[in-house]
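Just so you know, the protein sequences line up as chains F and Z, in that order.
Okay, so the first sequence: first residue is 121 according to the numbering used here, each after it adds one.
Okay, so the second sequence: first residue is 121 according to the numbering used here, each after it adds one.
Note that CB positions come from ideal geometry on N, CA and C, so glycine has one too.
All remarks here apply to the structure that follows.
There are 2 protein chains.
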Amino acid sequence: MEPSTEMRFSGWGTDADAGELSDHVIEWLEQRFGAALGSRVPPPQAADVRLTKSRLSTRAAEKLSSRVGAANVRTDHLTRLTHCAGKGYPDLLAVRAADKLLAPDAVVFPGDESDVRAILKTCAKQGIAVVPFGGGTSVVGGVTPLRGAFNSVISLDLGRMRQLISVDTKSQIGTFAAGLRGPELEHLLRARGFTLGHFPQSFEHSTVGGWVATRSAGQASSGYGRIDEKLLGAKLIAPAGELELAARPASAAGPDLRALVAGSEGALGVITEASLEISPAPEVTRYEALMLPSFAGAAEALRSLELQGEAPDITRASDENETQMGLAFAGIDGAKGKLLEGYLRRRGAAAGALVILGWEGASGSIDSRRRAALSLLKQHGAVGLGAGAGRTWAKNRFSTPYLRDHLLERAVMVETLETATTWSNLMRLYRGVGEALSAHAPIVGCHISHLYPSGASLYFTFVAPQDQRDPLAQWAAAKHEACDAIVANGGTITHHHAIGIDHRRYLKAEDGAAGVAALRAVKSSLDPSGLMNPGKLL
Amino acid sequence: MEPSTEMRFSGWGTDADAGELSDHVIEWLEQRFGAALGSRVPPPQAADVRLTKSRLSTRAAEKLSSRVGAANVRTDHLTRLTHCAGKGYPDLLAVRAADKLLAPDAVVFPGDESDVRAILKTCAKQGIAVVPFGGGTSVVGGVTPLRGAFNSVISLDLGRMRQLISVDTKSQIGTFAAGLRGPELEHLLRARGFTLGHFPQSFEHSTVGGWVATRSAGQASSGYGRIDEKLLGAKLIAPAGELELAARPASAAGPDLRALVAGSEGALGVITEASLEISPAPEVTRYEALMLPSFAGAAEALRSLELQGEAPDITRASDENETQMGLAFAGIDGAKGKLLEGYLRRRGAAAGALVILGWEGASGSIDSRRRAALSLLKQHGAVGLGAGAGRTWAKNRFSTPYLRDHLLERAVMVETLETATTWSNLMRLYRGVGEALSAHAPIVGCHISHLYPSGASLYFTFVAPQDQRDPLAQWAAAKHEACDAIVANGGTITHHHAIGIDHRRYLKAEDGAAGVAALRAVKSSLDPSGLMNPGKLL
Numbered sequence: 121m122e123p124s125t126e127m128r129f130s131g132w133g134t135d136a137d138a139g140e141l142s143d144h145v146i147e148w149l150e151q152r153f154g155a156a157l158g159s160r161v162p163p164p165q166a167a168d169v170r171l172t173k174s175r176l177s178t179r180a181a182e183k184l185s186s187r188v189g190a191a192n193v194r195t196d197h198l199t200r201l202t203h204c205a206g207k208g209y210p211d212l213l214a215v216r217a218a219d220k221l222l223a224p225d226a227v228v229f230p231g232d233e234s235d236v237r238a239i240l241k242t243c244a245k246q247g248i249a250v251v252p253f254g255g256g257t258s259v260v261g262g263v264t265p266l267r268g269a270f271n272s273v274i275s276l277d278l279g280r281m282r283q284l285i286s287v288d289t290k291s292q293i294g295t296f297a298a299g300l301r302g303p304e305l306e307h308l309l310r311a312r313g314f315t316l317g318h319f320p321q322s323f324e325h326s327t328v329g330g331w332v333a334t335r336s337a338g339q340a341s342s343g344y345g346r347i348d349e350k351l352l353g354a355k356l357i358a359p360a361g362e363l364e365l366a367a368r369p370a371s372a373a374g375p376d377l378r379a380l381v382a383g384s385e386g387a388l389g390v391i392t393e394a395s396l397e398i399s400p401a402p403e404v405t406r407y408e409a410l411m412l413p414s415f416a417g418a419a420e421a422l423r424s425l426e427l428q429g430e431a432p433d434i435t436r437a438s439d440e441n442e443t444q445m446g447l448a449f450a451g452i453d454g455a456k457g458k459l460l461e462g463y464l465r466r467r468g469a470a471a472g473a474l475v476i477l478g479w480e481g482a483s484g485s486i487d488s489r490r491r492a493a494l495s496l497l498k499q500h501g502a503v504g505l506g507a508g509a510g511r512t513w514a515k516n517r518f519s520t521p522y523l524r525d526h527l528l529e530r531a532v533m534v535e536t537l538e539t540a541t542t543w544s545n546l547m548r549l550y551r552g553v554g555e556a557l558s559a560h561a562p563i564v565g566c567h568i569s570h571l572y573p574s575g576a577s578l579y580f581t582f583v584a585p586q587d588q589r590d591p592l593a594q595w596a597a598a599k600h601e602a603c604d605a606i607v608a609n610g611g612t613i614t615h616h617h618a619i620g621i622d623h624r625r626y627l628k629a630e631d632g633a634a635g636v637a638a639l640r641a642v643k644s645s646l647d648p649s650g651l652m653n654p655g656k657l658l
Numbered sequence: 121m122e123p124s125t126e127m128r129f130s131g132w133g134t135d136a137d138a139g140e141l142s143d144h145v146i147e148w149l150e151q152r153f154g155a156a157l158g159s160r161v162p163p164p165q166a167a168d169v170r171l172t173k174s175r176l177s178t179r180a181a182e183k184l185s186s187r188v189g190a191a192n193v194r195t196d197h198l199t200r201l202t203h204c205a206g207k208g209y210p211d212l213l214a215v216r217a218a219d220k221l222l223a224p225d226a227v228v229f230p231g232d233e234s235d236v237r238a239i240l241k242t243c244a245k246q247g248i249a250v251v252p253f254g255g256g257t258s259v260v261g262g263v264t265p266l267r268g269a270f271n272s273v274i275s276l277d278l279g280r281m282r283q284l285i286s287v288d289t290k291s292q293i294g295t296f297a298a299g300l301r302g303p304e305l306e307h308l309l310r311a312r313g314f315t316l317g318h319f320p321q322s323f324e325h326s327t328v329g330g331w332v333a334t335r336s337a338g339q340a341s342s343g344y345g346r347i348d349e350k351l352l353g354a355k356l357i358a359p360a361g362e363l364e365l366a367a368r369p370a371s372a373a374g375p376d377l378r379a380l381v382a383g384s385e386g387a388l389g390v391i392t393e394a395s396l397e398i399s400p401a402p403e404v405t406r407y408e409a410l411m412l413p414s415f416a417g418a419a420e421a422l423r424s425l426e427l428q429g430e431a432p433d434i435t436r437a438s439d440e441n442e443t444q445m446g447l448a449f450a451g452i453d454g455a456k457g458k459l460l461e462g463y464l465r466r467r468g469a470a471a472g473a474l475v476i477l478g479w480e481g482a483s484g485s486i487d488s489r490r491r492a493a494l495s496l497l498k499q500h501g502a503v504g505l506g507a508g509a510g511r512t513w514a515k516n517r518f519s520t521p522y523l524r525d526h527l528l529e530r531a532v533m534v535e536t537l538e539t540a541t542t543w544s545n546l547m548r549l550y551r552g553v554g555e556a557l558s559a560h561a562p563i564v565g566c567h568i569s570h571l572y573p574s575g576a577s578l579y580f581t582f583v584a585p586q587d588q589r590d591p592l593a594q595w596a597a598a599k600h601e602a603c604d605a606i607v608a609n610g611g612t613i614t615h616h617h618a619i620g621i622d623h624r625r626y627l628k629a630e631d632g633a634a635g636v637a638a639l640r641a642v643k644s645s646l647d648p649s650g651l652m653n654p655g656k657l658l
């Protein structure tokens, strides 16, 4: 299999799927900003981006090539360029700056576990840092090729390791090589009658290894569970040893090491394989959109759904701001918007909170679950917007990141961040983070996207005219004040984006000094010289 | 609150609840053994047990007393005696031997977290090992007062720390002090309309801290979840620092440290507090017993129940041997047994597998869940034995450990061990362990007691005439061959009993050398001088 490097270096996804920015989005933003957007500045061409010079020694290159083949040790401009950065806002800024872009000294593509073992051995001997690279979709700096204390750094692209290793149909366990991406994985599983049910927004590009390394949550995780809940077994190859954890339904054999693999972020070793709970492929998938009178009311309604065991597999509720933004971006403003507003006002849900629901499963069970959920939501004042609106959401569920690229070309900063907390603390955290972001951005929206018996996630989007003198400082100020507000208001620093570089300074607030020390001790045990993904997580 | 030390030192529970050994149990065993049981040898009186001499230095005793009060630093015979051992078969043998019984040099009862902190500090300074003690119900040696490399050892009894700290009704989270025991905890929660739903066989005596430290599973964990799944937040006080993990529904902030607290077995620090998912108290609890034609068929039926989301909250299936033993011990043999056998034979389930089901919840939802489960089980050939048989099981659910004590008095070895594996591997593991045990015991029974989407637990009981020359060697031979069979057949070394002393040699098979090294690194970080529960877990 060929390594897949189809993601464009300069933004999300592929040029073919990028689409265009609609005039009504521009108009709406200009109205909100009270100023015209900048004129379009496209990202640089690949050839125009200057990378840091490759420092890989000839000796190291030879050693690596002798193991995996020269074709799998790449130092060409485009391969290095596509492994310079993830897809966070600072990543996009760095790529667009196009000068002295920090690039891996080489990109190495192992074909199997023994390759990974050999590469780590060579890197330990030669003093080369290793950045594991799956889909490259990190939005927290997780794949930035930092050298740490080392002289050079390679990006270790798992793209050649993408087999469906086995399916245990009786136990509903799939075992996957780490480099397998979402669509290919689902295609292989569906052919056997199963689904993983894991659909993060990055689904089209991200990998099994990346999901496990970052404790990913998918859009349907309220139904199918988060990746860390689905992780039954794993293999992690580290410089000083290997964790090979057999797939087990449960155990009481001391602390569960699966929880050290999940969230390890390439800093403890290379995840090469994961055994995950799979589910029968759904016969039917049904989406639906509703409007609730308020976000606070929607939160309470979603809590009831969850506690009564009636939560749909996909359950999301946007606050009033995000609802307005969503309608405007979908072109439902102006005359269309007035019509909708009248309809909703008559039903008591004008300027309300958009709720998206999705069910997956056998058609009979979906019908009864749907009836139960809708009946409960109607008690909370829900007004149906129909299956069409739900399908529109589903159609666009993986494409919103493209919008950020388009807006960046027009000098608009768009960024997202997420957290989670208990139900009793949810609105306090919502207000705290919202206030922090509002000081930095005229548009701040939020939605609840993952439900748990004890609480829910909050996902914030903020939009502001870019400060073109120092866009990174502008971003950092907003980001850090939002993170401080998360900590101050009892949220977790990240619900599904991981720590990476961006949240590293907040790990101590999350885990305490003794917790961070314990994790460092684990790292020292598995990676004594610290070559694994330096500068991330710990 | 007074420390509770009501558990008798010489066996399970209290004298008042111990009951008596029925004649039909004796008869049935004598028939199976082809020999008369030994005549009754009651355990020694407390005064007749000789303990190792207390080595606590006067200086250390003074230091500890000055902190927690002299009344809470006990060196009297009875207090030391009740903290010598857990309730495993080797524990019972050691207590009955009554000579040079390894005893803690003192038993210290902290009143709060600052006491715990101060005690650990004193012990670190004075070189005293610390064995955290909850309910003392470990069956794997978890509370044995080993000194490790230290001159003396204290048992740290959490019995004074048993507050319900808080209930977040909106988020369904209860926060409990570690020393709180099952009945008191349920009493406090029910008064607020909630239940923890955690009912291990040790429920009446074991504690929140013990459950978390050992990754306990309760009889209703198929419904309510295991304790490690319910753990949202925790406090662990270690010699070199404290883990204080806020209750969170979910996070992606690196490896989840909750998974280091769960299963820490007192070897990483003292768990002082846990925040656990709670549930609305059930309106109704309903039990039912059925007979299925075979254990293999029952396993398949239970898998279907689980995968179709129809598993009752309590779901257990005994193999043919355990079913026969259970009926005989309940007095359903002889003439009564013949009647039942005829009834079952006519329905195709003679010599079958006993299945116990239990539902908890609102009466309406129980009715529909019960109908769905029974209808599915009927397709697998289930014959109903009625609610009476189910209630009998429920009535006796916490009392079977007493039977072991009675039989030990009659020179019968009774021991249990448990494991778990995937559905596809379940019968292989069942046969492998069963064969290993059969070489050592004429009676070997097994049941499935916990269901997961990917597999289930297996719980073995084995019964043999005691080898009175060396009963410990007899036990060790059976135990180790069974454990070897578990490892060889792909099971986890323990599903809910923990590692303790007995499973320590198998941790490497479970976690691999690198995994054990990582855990040791965590221990060194939190407990650099190794004073926490030496000789257990790691």
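C-alpha distance - residue i paired with residue j, whole-angstrom precision
i	j	result
residue 507/F	residue 310/F	25 Å
residue 284/Z	residue 509/F	47 Å
residue 121/Z	residue 192/Z	Unreliable placement is indicated for residue 121/Z, whose pLDDT of 38 sits below 50; no coordinate value is reported for it.
residue 554/Z	residue 409/Z	24 Å
residue 335/F	residue 358/F	19 Å
residue 237/Z	residue 380/F	27 Å
residue 449/Z	residue 152/Z	13 Å
residue 389/Z	residue 228/F	42 Å
residue 587/F	residue 614/F	26 Å
Cβ distance (whole Å) where residue i is taken to contact residue j below 8 Å
i	j	result
residue 633/F	residue 650/Z	Not confirmed; about 21 Å, so no contact.
residue 398/F	residue 314/F	4 Å
Reduced DSSP category for residue i - H, G, I as helix; E, B as strand; rest coil
i	result
residue 542/F	strand
residue 531/Z	coil
residue 218/F	coil
residue 290/Z	coil
residue 347/Z	helix
residue 277/F	strand
residue 341/F	helix
Extent of the continuous alpha helix (DSSP H) to which residue i belongs
i	result
residue 664/Z	Not covered by the structure: residue 664/Z. The range shown for chain Z is 121 to 658.
residue 334/Z	328 to 334
residue 592/Z	591 to 608
Residue range of the beta strand (DSSP E) that includes residue i
i	result
residue 682/F	This structure leaves residue 682/F out entirely; chain F is present only between 121 and 658.
residue 407/F	404 to 412
residue 392/F	390 to 397
Per-residue burial, residue i [other beta carbons within 10 Å of its own, 16 or more giving buried]
i	result
residue 134/Z	exposed
residue 592/F	exposed
residue 560/Z	buried
residue 132/Z	buried
residue 162/Z	exposed
residue 123/Z	Unreliable placement is indicated for residue 123/Z, whose pLDDT of 42 sits below 50; no coordinate value is reported for it.
residue 402/Z	buried
residue 94/F	In the structure as shown, chain F starts at 121 and stops at 658, and residue 94/F therefore has no counterpart that could be examined.
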